[in-house]
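Oh and the sequence shown: position 198 is 197 in numbering that gives the first Met the number 0, straight run, nothing missing.
Scroll down for the structure; my scribbles are underneath it.
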Amino acid sequence: MRAPVAAPAGRTRAWPRGYRRLLGARVLLRGYFFVPFIVLYAQDIGVSLGTLLAVEAFFSLLVVLADLPAGQFADRIGPRRALVVGASLEAAGALLLGLWAHPGVFWAAQPLFAGAMALTQGADAGLAGALLRREARADPAREAAFEAAFERGERILQSTSLGWNAAVFVAGSALSLIGFPATFLATGITQLAAVALLFTVPDCRTAGGAGGGADERLGMAAWARRLYGALRASPALRLDLAAMVLTGTAFAALLYLVPAFLVGAGVDAHLTGAASAGISLVAAGLGYLLPGGWTLRVPVLLAAAGALAFTVPVAAVALAGGVLVQAGQARLLPRYRARVMRDLGRYGEAAAMSLVTTTTSLGFAVLAPFLGLLVDRLHRTGLALTCTALLLAAGATMSVQLRRPAAAQPAGHLGTARTRREDAV
Numbered sequence: 000m001r002a003p004v005a006a007p008a009g010r011t012r013a014w015p016r017g018y019r020r021l022l023g024a025r026v027l028l029r030g031y032f033f034v035p036f037i038v039l040y041a042q043d044i045g046v047s048l049g050t051l052l053a054v055e056a057f058f059s060l061l062v063v064l065a066d067l068p069a070g071q072f073a074d075r076i077g078p079r080r081a082l083v084v085g086a087s088l089e090a091a092g093a094l095l096l097g098l099w100a101h102p103g104v105f106w107a108a109q110p111l112f113a114g115a116m117a118l119t120q121g122a123d124a125g126l127a128g129a130l131l132r133r134e135a136r137a138d139p140a141r142e143a144a145f146e147a148a149f150e151r152g153e154r155i156l157q158s159t160s161l162g163w164n165a166a167v168f169v170a171g172s173a174l175s176l177i178g179f180p181a182t183f184l185a186t187g188i189t190q191l192a193a194v195a196l197l198f199t200v201p202d203c204r205t206a207g208g209a210g211g212g213a214d215e216r217l218g219m220a221a222w223a224r225r226l227y228g229a230l231r232a233s234p235a236l237r238l239d240l241a242a243m244v245l246t247g248t249a250f251a252a253l254l255y256l257v258p259a260f261l262v263g264a265g266v267d268a269h270l271t272g273a274a275s276a277g278i279s280l281v282a283a284g285l286g287y288l289l290p291g292g293w294t295l296r297v298p299v300l301l302a303a304a305g306a307l308a309f310t311v312p313v314a315a316v317a318l319a320g321g322v323l324v325q326a327g328q329a330r331l332l333p334r335y336r337a338r339v340m341r342d343l344g345r346y347g348e349a350a351a352m353s354l355v356t357t358t359t360s361l362g363f364a365v366l367a368p369f370l371g372l373l374v375d376r377l378h379r380t381g382l383a384l385t386c387t388a389l390l391l392a393a394g395a396t397m398s399v400q401l402r403r404p405a406a407a408q409p410a411g412h413l414g415t416a417r418t419r420r421e422d423a424v
């Protein structure tokens, strides 16, 4: 690996070379024009709401099964290659649904989307972490601030992505007038644009992570042993992964069904894209303005309030609920990633980030069929109340290490006796 070029004397780059282009590619990868319309698209081709949740459970189960192996595979081949393959799979799935609107194709595309998520949602954050860690090793002053810098970059990504989603959803509303399949075609084209940008980003990976060459290219069994040892050593990490499962389940159900909540509150079906755009734009500003020093339980409570708002069949209240839920997720996810990167990133950044997506998908994969029955029996109100309870339970579960801002976290890694003591709840 070529050593990073030092910045001129008296001048320090804010981010490593290639980091901004990676940020741009990661934002493009989130350009899902079809999100506000997938429920309506599915209903148009004869898929009921309960069946749709079963399809999503199948999708989430595929993600859970493939996520950690895909993350470990990404660490072996290089995260940029994994991102290119994943984005290409996403493009293929979206183009299939755009060209052939059929229930069988809807099911058949799920493995493509699951493979894409497994390969990209660990590798993209893993590549960002590797670029930052390589820069930090060249500048000892940055090594101590690595975790805070990583979380700050993830927060920028979340806010930027919400702003980008606003533009995407407005465009999606216009495309939906042509037909809901057009939103999938636009998504496929955007994924291919992300692939082109990724080819300009260096394929950086940390040799053995922060622990040095001894851990380089860990096999899946060896990585699983490291994870098991980390979980045994840290009760706090076990609690935090449980909190990720709870919030991931709630966010997956709520954000997936936002269009149904909006239409149920009186928003015109073709305007759900514009409404979702407004939600994303306001949530981006709110997520950015929330003080970074606040305990993480505040965003959890805001998200729970948003979930509760979906029980009120008034358009303005439902829109406010969407804002609170998205802003809460935008603040929670960067902290989750920073927490796991601190303790497990030295065994492979992409695999560590895949653990985050696995835990946030696991609950939905298991519970989605039951949530589908809940929607059929108790309608959307019962689902919103269930998600409110899940979020409140997550806020009560998370450890002090997760609640604290990354800048306030102690230096070091899980393998030291000092960190094990400081990880106590």
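Just so you know, even glycine gets a beta-carbon here, dropped at the ideal spot from N, CA and C.
Span of the alpha helix (DSSP H) around residue i
i, result
"proline 234", "234-255"
"glycine 272", "271-288"
"threonine 310", "Careful: threonine 310 lies outside any alpha helix (DSSP H) and carries neither H nor E."
"valine 34", "Valine 34 -> no alpha helix (DSSP H), and no H or E assigned at all."
"serine 160", "145-177"
"proline 102", "102-107"
"glycine 87", "Inspection of the sequence shows that residue 87 is occupied by serine rather than by glycine. Here the alpha helix (DSSP H) through serine 87 covers 78-98."
"leucine 27", "18-28"
Whole-Å CB distance - residue i paired with residue j, under 8 Å assumed
i, j, result
"phenylalanine 32", "alanine 185", "4 Å"
"glycine 187", "alanine 93", "4 Å"
"arginine 338", "aspartate 239", "6 Å"
"alanine 56", "glycine 114", "That belief does not hold up - the Cβ atoms of alanine 56 and glycine 114 are roughly 17 Å apart, past 8 Å."
"phenylalanine 183", "glycine 97", "4 Å"
"leucine 253", "arginine 379", "Wrong, their Cβ atoms sit about 10 Å apart, outside the cutoff."
"proline 258", "valine 38", "5 Å"
"leucine 391", "alanine 264", "The pair is not a contact, with the Cβ atoms about 23 Å apart (cut-off 8 Å)."
Contacts around residue i, its chain only, beta-carbon distance under 6 Å, and the 5 residues preceding and following it disregarded
i, result
"glutamate 153", "Pro333 and Arg336"
"leucine 191", "Ala90"
"alanine 165", "Ala276, Ser279 and Leu280"
"alanine 383", "Ala306, Phe309 and Thr310"
"leucine 301", "Leu323 and Gly327"
"leucine 285", "Ala326"
Close-in-space but distant-in-sequence residues of the same chain around residue i (CB under 8 Å, 5 per side omitted)
i, result
"threonine 119", "Leu28, Ala81, Leu82, Gly85, Ala86 and Glu89"
"leucine 261", "Thr271, Ala274, Ser275, Ala314, Ala317, Leu318 and Gly321"
"phenylalanine 149", "Ala127, Gly128, Leu131, Arg336, Ala337, Met340 and Ala405"
"leucine 425", "Here the chain has residues from 0 to 424 only, and residue 425 is not among them."
CA nearest to the CA of residue i, picked from the options
i, options, result
"phenylalanine 179", "Tyr40, Val299 and Ala93", "Tyr40"
"methionine 352", "Met116, Leu94, Thr50 and Ala93", "Met116"
"threonine 428", "Val297, Ala13 and Val26", "Because the chain here runs from 0 to 424, residue 428 falls outside it and cannot be looked at."
"serine 158", "Leu295, Ala283, Leu289 and Arg75", "Ala283"
"leucine 361", "Phe250, Leu226 and Gly394", "Phe250"
"phenylalanine 490", "Gly121, Ala268, Trp293 and Ala303", "For residue 490 there is no data in the structure shown, the boundaries of the chain being 0 and 424."
"alanine 273", "Gly162, Gly381 and Val194", "Gly162"
"arginine 16", "Phe112, Gly327, Asp202 and Leu401", "Asp202"
"glycine 103", "Phe260, Gly394, Leu261 and Thr50", "Thr50"
"threonine 356", "Ala69, Phe149 and Val34", "Ala69"
"leucine 354", "Arg19, Arg20, Gln71 and Leu21", "Gln71"
"methionine 243", "Ser175, Val266, Ala223 and Arg330", "Arg330"
"aspartate 43", "Ile155, Ala100 and Ser59", "Ala100"
"leucine 60", "Phe105, Ala173 and Phe112", "Phe112"
"valine 46", "Ala13, Leu130, Val399 and Trp106", "Trp106"
"valine 54", "Glu146, Val297, Val365 and Thr396", "Val365"
"glutamine 400", "Arg133, Leu226 and Arg296", "Arg296"
"alanine 429", "Arg225, Glu146, Ala181 and Leu21", "An answer regarding residue 429 cannot be provided, because it is not within the stretch 0 to 424 covered by the chain."
Coil, strand or helix - residue i by DSSP
i, result
"arginine 330", "helix"
"methionine 397", "coil"
"aspartate 267", "coil"
"glycine 211", "Reliability fails at glycine 211, whose pLDDT of 41 lies under 50, so the model's placement of it is uncertain and the value that follows must be treated cautiously. Three-state result, glycine 211: coil."
"valine 200", "coil"
"valine 299", "helix"
"proline 15", "coil"
"glycine 45", "coil"
"arginine 231", "helix"
"threonine 182", "helix"
"arginine 403", "coil"
"threonine 481", "Shown here, the chain extends from 0 to 424; a query on residue 481 therefore has no answer."
Residue i at chain B interface by Cβ criterion, 7 Å
i, result
"alanine 107", "The question asks about chain B, but that chain is absent: this structure has only one protein chain."
Contacts around residue i, its chain only, beta-carbon distance under 7 Å, and the 5 residues preceding and following it disregarded
i, result
"alanine 229", "Leu236, Asp342, Leu343 and Leu413"
"arginine 1", "Only weak support exists for where arginine 1 lies, its pLDDT of 40 falling under 50; the coordinates are left without a value."
"alanine 73", "Ala81, Leu118, Gly121, Ala122, Gly125 and Ala349"
"threonine 358", "Leu240, Met243, Val244 and Gly247"
"alanine 393", "Ala242, Leu245, Thr246 and Val299"
"alanine 108", "Gly92, Leu95 and Leu96"
"serine 160", "Val26 and Arg29"
"phenylalanine 58", "Gln109, Phe112 and Ala113"
"threonine 396", "Leu238, Ala241, Ala242 and Leu245"
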